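Each residue of the sequence shown is one higher than the one before, starting from 52 at the first, in my numbering. Structure first, commentary second.
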Amino acid sequence: MELAREIALMRKQRGWTQEELAEYSGLSVRTIRNVELGRVQNPRQSSIDLLMEALGVSAEAVRRADDALAAERWRGPQSPNAPLTGLGSDFEQLVRTVRANRLTTFHGPGGVGKTRLALAVAEELSSTFRDGVVFVELGDIPREHPFGNHQTTTVLRRVSERLSRAPRPGGSPPDAADSKRIDGRADNERDDHLLLVLDNAEHVPAGTIAAARELLSRFARIHVLITARRRLTERLGVNREILPLSVDHRPGCTVSSAPAVELLLWHVESGSPAAVDLVRDASRLAELCRRVGGLPRYLEFAAERLRTVPIELLLTNGLIMQMLWTRDHALSSHQRSVAASISWDLDLLTDNHRRLLTRLATLRTPRFTVDDVAAEFGARATAVGGATQLVLLSDLLDLSLVVADSAEPCEYRLAPYVREVIRPSEEEPADHHETVSEASNPLVRRRTSSGMPAIRRAVPGARSFVAETPGVPTLADATLEMGGAAR
Numbered sequence: 052m053e054l055a056r057e058i059a060l061m062r063k064q065r066g067w068t069q070e071e072l073a074e075y076s077g078l079s080v081r082t083i084r085n086v087e088l089g090r091v092q093n094p095r096q097s098s099i100d101l102l103m104e105a106l107g108v109s110a111e112a113v114r115r116a117d118d119a120l121a122a123e124r125w126r127g128p129q130s131p132n133a134p135l136t137g138l139g140s141d142f143e144q145l146v147r148t149v150r151a152n153r154l155t156t157f158h159g160p161g162g163v164g165k166t167r168l169a170l171a172v173a174e175e176l177s178s179t180f181r182d183g184v185v186f187v188e189l190g191d192i193p194r195e196h197p198f199g200n201h202q203t204t205t206v207l208r209r210v211s212e213r214l215s216r217a218p219r220p221g222g223s224p225p226d227a228a229d230s231k232r233i234d235g236r237a238d239n240e241r242d243d244h245l246l247l248v249l250d251n252a253e254h255v256p257a258g259t260i261a262a263a264r265e266l267l268s269r270f271a272r273i274h275v276l277i278t279a280r281r282r283l284t285e286r287l288g289v290n291r292e293i294l295p296l297s298v299d300h301r302p303g304c305t306v307s308s309a310p311a312v313e314l315l316l317w318h319v320e321s322g323s324p325a326a327v328d329l330v331r332d333a334s335r336l337a338e339l340c341r342r343v344g345g346l347p348r349y350l351e352f353a354a355e356r357l358r359t360v361p362i363e364l365l366l367t368n369g370l371i372m373q374m375l376w377t378r379d380h381a382l383s384s385h386q387r388s389v390a391a392s393i394s395w396d397l398d399l400l401t402d403n404h405r406r407l408l409t410r411l412a413t414l415r416t417p418r419f420t421v422d423d424v425a426a427e428f429g430a431r432a433t434a435v436g437g438a439t440q441l442v443l444l445s446d447l448l449d450l451s452l453v454v455a456d457s458a459e460p461c462e463y464r465l466a467p468y469v470r471e472v473i474r475p476s477e478e479e480p481a482d483h484h485e486t487v488s489e490a491s492n493p494l495v496r497r498r499t500s501s502g503m504p505a506i507r508r509a510v511p512g513a514r515s516f517v518a519e520t521p522g523v524p525t526l527a528d529a530t531l532e533m534g535g536a537a538r
């Protein structure tokens, strides 16, 4: 497509019509029209050579210019070189979803690989969008507060800055009006056809959704892909949950073929002495992957330790949270350790959510049911600080701080390492490190579209309890309120 655009541009620069270029090159007008319109995806090299000769330039020069323009069309970081393990046909389904819908949200727990997948999908689709891909990082924007400030203006300003540096149709440079297009001060809208990626949006939900709504209404051909640790809206676009990697291997295959294990070995550096030794210790390898819940970033942290520390020592010491971190400053500060990642999630909670989570961390057993929660806090889920525990529990499930356990469909547990962050001064009981089968892979395959795995089945009226405590905000209430304020 870029080569076709360059041919049309060079013809117009010379003041030629398509008929005149056909005469000079010996090709038909129909062929030239189809090439310039991109209808011919792979034109014959002989036709390109004739066109280049007629235009007085070498084909190699055009290809170099084409490569340079293609690089300009990608405004964002390149995808990490880590393999996309365990996806199979799911990746193609994600690509089709983003192509077909103008707003898509990839949501899932911190460290599950949402950004990695968003970049991979964007790369796959970059040639589909005439103006390429624009990537906007939101993780360093100050967080919103329930019923307080929203960050719509900040998000739009950051998008505007990125769009002002994006190439314009025909390869012309941006002009001063480009920076004004988002806030409505430009008289004429640009016909942008691009994929806009808004990354790390869970702490600015109202601003992100309000900004997305504004962009989708102003630019008819923009597609928006958001990544966040929780669902931001049910009313706009589609949501796709990104799940942790499986720890189980297929029957008849080795342990190292399990997606989580495969990625861990890749990070250790496959073929290195450390990796070769790990493959021989299959049971410990699988156990380590289970302990971190199959989360790709946690696996990457563990791999850094395995380069110097034997796996048996890591497991003997419980693979404590303090071991799981990285010096990689390409990551945001809240992404460089397990403790920082979980603390980021805790900062998204209200005081009522934190109280409930702290109480759950004090339960005598690692697993609990809705009935256990009701018994702990009083009959019929009496409120903690005025808010209903079952509604608060559903919010904790949405953020993957509490996860469903597949051994029993109505049982739950805290996500890996959440207890240690909440109660750092207390030693973790041994039974809290029990292994988790892939079926109970913490971060949750049993979730319904509402994000409430078994609460809806166990307590059908759980959501209706909100009416009994008017004026007390849940995460959902806060998001809706801020969204209204943003609009």
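Using N, Cα and C, we set each Cβ at its ideal position, and we do this for glycine too. Everything numeric in this text was worked out from a predicted model, so none of it was measured.
Under the three-state reduction of DSSP, PHE419 is assigned to strand. Around the beta-carbon of GLU285, fewer than 16 other beta-carbon atoms lie within 10 Å, marking it exposed.
The beta-bridge partner set that DSSP reports for LEU247 consists of VAL185 and VAL275.
Here the C-alpha atom of ALA425 lies approximately 31 Å from the C-alpha atom of GLY345. TRP67 carries a coil assignment under DSSP once its states are collapsed to helix, strand and coil. The beta carbon of ASP398 sits closer than 8 Å to those of ARG194 and HIS254, all from its chain and outside the five residues before and after it, given in chain order. Per DSSP, the beta-bridge partners of HIS158 are ALA279 and GLU292. ALA309 carries a coil assignment under DSSP once its states are collapsed to helix, strand and coil.
Buried is the label assigned to LYS165, since at least 16 other Cβ atoms lie within 10 Å of its Cβ. Look at TYR349 here: in three-state DSSP terms it is helix.
Close CB contacts of GLY137 within its chain, under the 7 Å cut and outside five residues either way in sequence, are with LEU296, SER297 and PRO310 (chain order). Rounded to the nearest whole angstrom, the CA to CA distance from ARG410 to TYR349 is 26 Å. DSSP, reduced to helix, strand and coil, places LEU176 within a helical segment of the structure shown.
Following the DSSP letters along the chain, one finds ASP141 inside the alpha helix (DSSP H) bounded by residues 140–151.
The Cβ-Cβ distance between GLY258 and THR205 falls below 8 Å. Spatial neighbours of PHE352 in its own chain (CB-CB distance under 7 Å, excluding positions within 5 residues in sequence) are listed in chain order as LEU375, TRP376, THR377 and VAL389.
When the Cα atoms are used, SER211 and PHE270 turn out to be separated by approximately 13 Å.
For VAL184, the closest alpha carbon among the candidates THR439, VAL421, GLY89 and VAL275 is that of VAL275.
Scanning ARG147, GLU313, VAL187 and PRO160 for the CA closest to the CA of ARG209 turns up VAL187. Note that the C-beta distance between PRO160 and ARG280 is below 8 Å. Here LEU78 is actually not in contact with ARG62; their C-beta atoms are around 12 Å apart, not less than 8 Å. Beta-bridge annotation (DSSP): SER98 is not paired with any residue. ALA412 is the residue among ASP422, TRP317, ALA412 and ARG65 whose C-alpha sits nearest the C-alpha of ILE473. Just measuring C-alpha positions, the residue of ARG124, LEU339 and ARG167 sitting nearest ILE362 is LEU339.
An exposed status is given to HIS380, since fewer than 16 other beta-carbon atoms sit within 10 Å of its beta-carbon. For the pair LEU135 and ALA169, the CB atoms are not nearer than the 8 Å cut-off.
Ranked by Cα distance from ASP141, the first of LEU294, ARG415 and GLU87 is LEU294.
Under the three-state reduction of DSSP, TYR463 is assigned to strand. For THR278, the CB contacts under 6 Å within the same chain, skipping 5 residues up- and downstream, are PHE157, LYS165, THR166, ALA169 and ASP250 in chain order.
Taking C-alpha positions only, ALA252 is separated from GLY190 by approximately 7 Å.
Taking the C-beta atoms as reference points, LEU450 is found nearer than 8 Å to ASP396. With respect to LEU101, ALA173 sits apart: the two C-beta atoms are not nearer than 8 Å.
Counting of Cβ neighbours within 10 angstroms places LEU443 among the buried residues, the total reaching 16 or more.
Around the beta carbon of ALA151, fewer than 16 other beta carbons lie within 10 angstroms, which makes this residue exposed. When ARG213, ARG405, GLY107 and GLU313 are compared, the shortest CA-CA separation from TYR75 is found for GLY107.
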